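Working notes, beginning with the structure itself.
Number of protein chains: 2
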Amino acid sequence: MPDEYAPADRIMLTPQQITEARARAAASLSAAGIALTSAERDSIEVADFGLSRLDELGLQLVVYLNTERVCAKELVLFPHQTCPEHRHPPFDGTPGKEETFRCRAGLVYIYTEGEPTHGAPAARLPEHDRDAFTAWHETVLRPGEQYTIQPNTLHWFQAGDRGAIVSEFSTQSRDELDVFTDPRIERTTKLADG
Amino acid sequence: MPDEYAPADRIMLTPQQITEARARAAASLSAAGIALTSAERDSIEVADFGLSRLDELGLQLVVYLNTERVCAKELVLFPHQTCPEHRHPPFDGTPGKEETFRCRAGLVYIYTEGEPTHGAPAARLPEHDRDAFTAWHETVLRPGEQYTIQPNTLHWFQAGDRGAIVSEFSTQSRDELDVFTDPRIERTTKLADG
Chain A
5 MPDEYAPADR IMLTPQQITE ARARAAASLS AAGIALTSAE RDSIEVADFG
55 LSRLDELGLQ LVVYLNTERV CAKELVLFPH QTCPEHRHPP FDGTPGKEET
105 FRCRAGLVYI YTEGEPTHGA PAARLPEHDR DAFTAWHETV LRPGEQYTIQ
155 PNTLHWFQAG DRGAIVSEFS TQSRDELDVF TDPRIERTTK LADG
Chain B
5 MPDEYAPADR IMLTPQQITE ARARAAASLS AAGIALTSAE RDSIEVADFG
55 LSRLDELGLQ LVVYLNTERV CAKELVLFPH QTCPEHRHPP FDGTPGKEET
105 FRCRAGLVYI YTEGEPTHGA PAARLPEHDR DAFTAWHETV LRPGEQYTIQ
155 PNTLHWFQAG DRGAIVSEFS TQSRDELDVF TDPRIERTTK LADG
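Read top to bottom, the protein sequences are chains A and B. Going by the working numbering, the first residue of the first sequence is number 5, and it counts up by one from there. Going by the working numbering, the first residue of the second sequence is number 5, and it counts up by one from there.
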């Protein structure tokens, strides 16, 4: 991993950056005809995975519900924004999170462990982070298409040129248990002053 | 229950009626910006609950996924179309289906057992079927609003003047186990010749 992104040097997102990313995600959802309450709009989660390079490695989320049994979210990705590689391990006697991604708008490239796809990835790999990606089985989803990721399976995904909106239907989400390939990653976004 | 709707006299939906309801539901989804694959469009489920009065008592469904752990659907209701009262009982050691309804377009009235809402129902009760409705706790959802129905809780719902599209996020769906208040109901739609 390159030194310039070591945790000690990490710059955290500012409240202003969070506000801008929320507004941009809300505009994307609105353009796709997906209605939110004002409370939902104001609390869109902006995840930078502790890397503070949101436009490259990040994700915006609206969590509709997350009970012990069911979870549903909208994921908003800006153009070529990437959700880093991770898996959802077993917990509390369950096999771990089972999740289905359904593309609502734009295009999303999904990579899962398994047989590498010839020529993959069509997505643009962040140049400084090649070591943090190991899964090359490629699935491309356009609006109306979906894909199920089994529990404890390494996966990462990236939006196409116009970004993407993806509905996620899953079992309980326990983000704090996610295991990322990149050891620098912290799932909880940290805020800088200002 | 009135004799004219007794099972022996039941008229089944024709393939033509199913085709028309599918096309109407697909047009509603398209107008709401919800993309389907052509295979999904061609297989929209038309549920008449064995009553063959689809415009009054019926539901159109797109089942995105239904695994042992997670289920997601779009429900399409025509104006004032009603899903009859039912509950999802425990099965296989689970508490039964937990489901969240999120309104995507139009308006939906949901009725659950519990404290009756003063003046309920705002929905139009099918005249011949008053005995088949007992739950009067009213929740009205507009686009972006949602409501969770706990397992084994009696509930029914009806669309407003312009119909409704409702996303359902739930645990496994086992329709054949549903318990309806109206003893005439069969969850599986039967087809007439024709």
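Every residue, glycine too, gets a C-beta built ideally from N, C-alpha and C. A quick note: this is a predicted structure, and the numbers were derived from the prediction, not measured.
At the C-beta level, B/P83 and B/A163 come within 9 Å of one another.
Residues of chain B whose Cβ lies closer than 7 Å to the Cβ of A/S174 are, in chain order, V74. Residues of chain A whose Cβ lies closer than 8 Å to the Cβ of B/Y68 are, in chain order, T104, R106, Q150 and F173.
Among the bridge pairs identified by DSSP, A/F184 is matched with A/H90. B/A196 carries a coil assignment under DSSP once its states are collapsed to helix, strand and coil. A/E44 has a beta carbon lying within less than 9 Å of a beta carbon in chain B. The beta-carbon separation of A/A139 and A/H159, rounded to 6 Å, stays under the 8 Å limit for a contact.
In the three-state reduction of the DSSP assignment, A/L58 falls in the coil class. Using a Cβ-Cβ cut-off of 9 Å, B/G123 does not count as an interface residue toward chain A, since no Cβ of chain A sits closer than that to its own. Residue burial annotation: B/L17 is buried, with at least 16 other C-beta atoms found within 10 angstroms of its C-beta. Closest in alpha carbon position to A/T71, among B/Q154, B/L145 and B/D186, is B/Q154. According to the DSSP secondary-structure assignment, A/T104 is paired through a beta bridge with A/T152 and A/F173. A contact between stretches requires three or more CB pairs, one per stretch, nearer than 8 Å, and the stretch 55-64 of chain A fails this requirement with the stretch 111-120 of chain A. Chain order gives the chain B residues near A/L40 as G148, where near means a beta carbon separation below 8 Å. Our two residues, A/D46 and A/I38, have alpha carbons roughly 15 Å apart in a direct line. Within the DSSP secondary-structure output, B/A51 pairs in a beta bridge with B/L63. What B/A36 touches in chain A, judged by beta-carbon distance under 8 Å, is G37, going in chain order. For B/A29, the enclosing alpha helix (DSSP H) begins and ends at P19 to A35. Looking from the CA of A/A168, the closest CA among A/G54, A/Q20 and A/E78 belongs to A/E78. With respect to the 9 Å criterion, A/P88 and A/T157 are not classified as neighbours on the basis of their beta carbons. A contact between stretches requires three or more CB pairs, one per stretch, nearer than 8 Å, and the stretch 96-107 of chain B meets this requirement with the stretch 172-184 of chain B. In the structure shown, the three-state DSSP call for B/A136 is helix. Between A/R191 and A/D182 a beta carbon distance of about 6 Å is seen, short of the 8 Å cut, so the two are scored as contacting. Apart from sequence neighbours up to five positions away, the residues of its chain that approach A/P130 with a beta-carbon distance below 7 Å are E60, L61 and T86, ordered along the chain. Listed by position along chain A, the residues whose Cβ is nearer than 7 Å to that of B/T71 are E102.
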